[in-house]
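Colleague: Okay, here's the structure, questions in a sec.
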Amino acid sequence: MADEPLVLGIETSCDETGVGIVRGHTLLADAIASSVDEHARFGGVVPEVASRAHLEAMVPTIERALREARVSASDLDAVAVTAGPGLAGALLVGVSAAKAYAYALGKPLYGVNHLASHICVDQLEHGPLPEPTMALLVSGGHSSLLLAPDITADVRPLGSTIDDAAGEAFDKVARVLDLGFPGGPVIDRYAREGDPEAIAFPRGLTGPRDAPYDFSFSGLKTAVARWIEARRNAGEEVPVRDVSASFQEAVTDVLTRKAVRACQDEGVDHLMIGGGVAANSRLRAMAEERCTRAGIELRVPRPKLCTDNGAMVAALGAEMVARRRATSGWDLPADSSLPVTEPHLPGPADAHGHAHGHGHSHDHVHELSRENLYS
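Numbering follows this note's numbering, with no gaps: position 145 of the sequence shown is 132.
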């Protein structure tokens, strides 16, 4: 095995089939097949549609990533896959594919955590993560503040959403405004031409007695919907750009305010932001302003690496290999509710209590099977 491990990562937690190939901290390939257009007419992700799309896209996307990286499957040092959290059926497709490739190639298998992967992907952009890392993860399913002393073994949740995630609120507000799905990019676009101070929308969980690091966007979403409904009932035109800007300002204000406070309270001098909503232009700008004032270094990957992708899974897998973490077993599950406190799922413990997977050699794998599949 090379000093810098060559790892293939598979991501299928939601509606995008992502396959990335990483050598150490260097990104070689990031291939994505998205089924978002198939979900748009339903106004949200349909799990069964997503699962079937993953099945159809898996092999072509892996082959495209191998071509892009200019490596063969036999060159890989390990295969990593998102084991959770996410949509159960979608996760199962990725986990099954990863097991098949790892088994046939005789390579180690690592089932990793989707949220920890979103943090680790920043290594591909800005180099090794500081330890500990403070991370704000914001997406369609998650809004979390996490402290990671060791991204491969120790990730601690400081706060999370108690209802709607930030990305979910963007989608719902976009639906009320008849802007389509997904809502994040289109609201960001309209907001650039609107007044962020036009409407005073509420900031949830920002009172003195509220949990300092938890988030709530359900009340904000409802307030926006009621404001729009009142205008429409009065026969007045809804100022879409001002609503978008004011709503977006409320979300980003709360996210950045709590993230900076967490850094200050924990004595951490940097902040990493990841997840799909991290691609939002106003969130990035406000985070930069507030971090600069507070003397905090901001690390945000480029937008393509913020959304779900295989590169982030490969990045965490490469870190697992480099730090010699235990591999996963062939009984690796797809865990839709995998807690962030478990960055990866190692194999079962032996009689002495040591965790182990299937190891790095597979003498029991029939060589002819490998030749037939990956010649």
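We put the CB at the ideal spot given by N, CA and C, even for glycine. These numbers were taken from a predicted model, which means no experiment stands behind them.
Would you mind working out which of 125, 78, 112, 209 sits nearest residue 99, comparing C-alpha positions?
Modeller: One-based indexing of the sequence shown puts residue 99 at position 112. Ranking 125, 78, 112, 209 by Cα distance to residue 99 puts 78 first.
Colleague: Specify the secondary structure class of residue 10 as computed by DSSP and reduced to three states.
Modeller: What you label residue 10 is simply residue 23 of the sequence shown in a count that begins at 1. Strand.
Colleague: Measuring alpha carbon to alpha carbon, tell me which residue in 15, 125, 164, 137 is nearest residue 154.
Modeller: Residue 154 sits at position 167 when you count from the first residue of the sequence shown. Selected option, being the one with the closest Cα: 125.
Colleague: Check whether the Cβ atoms of residue -6 and residue 65 sit closer than 8 Å, and answer yes or no.
Modeller: Your numbering for residue -6 matches position 7 in the sequence shown. Your numbering for residue 65 matches position 78 in the sequence shown. Yes, they are a contact pair.
Colleague: Could you spell out where the alpha helix (DSSP H) holding residue 231 opens and where it closes?
Modeller: Here residue 231 refers to the residue found at position 244 of the sequence shown. Per DSSP, residue 231 belongs to the alpha helix (DSSP H) from 227 to 253.
Colleague: Measuring CB to CB, does residue 211 end up less than 8 Å from residue 218?
Modeller: By one-based count along the sequence shown, residue 211 stands at place 224. By one-based count along the sequence shown, residue 218 stands at place 231. Going by C-beta atoms, residue 211 is not nearer than 8 Å to residue 218.
Colleague: Given a cut-off of 8 Å on the beta-carbon distance, is the pair residue 272 and residue 287 in contact?
Modeller: To locate residue 272, count along the sequence shown from 1; it is residue 285. To locate residue 287, count along the sequence shown from 1; it is residue 300. For residue 272 and residue 287, no; Cβs fall outside 8 Å.
Colleague: State the DSSP-derived secondary structure class of residue 122, mapped to helix, strand or coil.
Modeller: For the purposes of this step, residue 122 is identified with residue 135 of the sequence shown, where counting begins at 1. Correct three-state label for residue 122: strand.
Colleague: Could you tell me which residues DSSP puts in a beta bridge with residue 18?
Modeller: For the purposes of this step, residue 18 is identified with residue 31 of the sequence shown, where counting begins at 1. Per DSSP, 6.
Colleague: Return helix, strand or coil for residue 388, following the three-state DSSP convention.
Modeller: With the chain covering only -12 through 362, there is no way to say anything about residue 388.
Colleague: Which residues in the same chain have their Cβ closer than 6 Å to the Cβ of residue 10, if we skip the five residues on either side of it in sequence?
Modeller: Translated into the one-based positions of the sequence shown, residue 10 becomes position 23. Here the set comprises -9, -7.
Colleague: Under a Cβ-count criterion, where at least 16 other Cβ atoms within 10 Å of its own Cβ denotes burial, should residue -2 be classed as buried or exposed?
Modeller: Residue numbering aside, residue -2 sits at position 11 when the sequence shown is read from its first letter. Result: buried.
Colleague: Below 7 Å CB to CB, which residues in the same chain sit around residue 80 once its five sequence neighbours on both sides are set aside?
Modeller: The residue you call residue 80 lines up with position 93 of the sequence shown. Excluding sequence neighbours, residue 80 sits near -1, 38, 41, 42, 45.
Colleague: Would you kindly report the start and end of the unbroken alpha helix (DSSP H) that includes residue 135?
Modeller: Numbered from 1 along the sequence shown, position 148 holds the residue referred to as residue 135. Per DSSP, residue 135 belongs to no alpha helix (DSSP H); it is in the beta strand (DSSP E), 130 to 137.
Colleague: Please go through the stretch 190 to 216 and give each complete alpha helix (DSSP H) segment of 4 or more residues, from N-terminal end onward.
Modeller: Counting whole runs of 4 or more residues, the stretch 190 to 216 contains no alpha helix (DSSP H) stretch at all.
Colleague: Can you tell me the Cα-Cα spacing of residue 364 and residue 95, whole angstroms?
Modeller: Since the displayed the chain opens at -12 and closes at 362, residue 364 lies outside it and no answer follows.
Colleague: Per the contact definition of three or more C-beta pairs closer than 8 Å, is the stretch 115 to 133 in contact with the stretch 249 to 262?
Modeller: Output reads yes: the stretch 115 to 133 touches the stretch 249 to 262.
Colleague: Which same chain residues end up closer than 7 Å to residue 27 when comparing Cβ atoms and leaving out the 5 residues on each side of it in sequence?
Modeller: Numbered from 1 along the sequence shown, position 40 holds the residue referred to as residue 27. The answer, listed in chain order, is 167, 168.
Colleague: Give the straight-line distance between the Cα atoms of residue 359 and residue 233, rounded to the nearest whole angstrom.
Modeller: By one-based count along the sequence shown, residue 359 stands at place 372. By one-based count along the sequence shown, residue 233 stands at place 246. In this predicted model, residue 359 has a pLDDT of only 35, less than 50, meaning its place in the structure is not dependable enough to derive any value.
Colleague: Do you know whose CA, among 278, 202, 142, 216, lies nearest residue 164's CA?
Modeller: Stepping through the sequence shown from its first residue, residue 164 is reached at position 177. Per the Cα distances, 216.
Colleague: Mapping DSSP to helix, strand and coil, what is residue 268?
Modeller: Numbered from its first residue, the sequence shown carries residue 268 at position 281. In this structure, residue 268 counts as helix in the three-state DSSP scheme.
Colleague: Looking only at its own chain, which residues have a Cβ that is under 8 Å from the Cβ of residue 275, when we skip the five neighbours before and after it?
Modeller: In the sequence shown, residue 275 corresponds to position 288, counting from 1. Excluding sequence neighbours, residue 275 sits near 285.
Colleague: Quick test of your reading: residue 324 and residue 72, contact by CB under 8 Å. State the CB separation rounded to the nearest angstrom.
Modeller: Residue mapping note: residue 324 aligns to position 337 of the sequence shown, counting from 1. Residue mapping note: residue 72 aligns to position 85 of the sequence shown, counting from 1. Yes, residue 324 and residue 72 are in contact; Cβ-Cβ is about 6 Å, under 8 Å.
Colleague: State buried or exposed for residue 187, treating a residue as buried only when at least 16 other CB atoms are found within 10 Å of its CB.
Modeller: As a working note, residue 187 is residue 200 in the sequence shown. Looking at its Cβ environment, which holds fewer than 16 other Cβ atoms inside 10 Å, residue 187 is exposed.
Colleague: Indicate the three-state DSSP secondary structure (helix, strand or coil) for residue 106 in the structure shown.
Modeller: Taking the sequence shown and counting its residues from 1, one reaches residue 106 at position 119. Three-state DSSP puts residue 106 in a helix.
Colleague: Just the Cα atoms here: how many angstroms apart are residue 97 and residue 138?
Modeller: As a first step, residue 97 must be located in the sequence shown, where it is residue number 110. As a first step, residue 138 must be located in the sequence shown, where it is residue number 151. Approximately 14 Å, taken between the alpha carbons.
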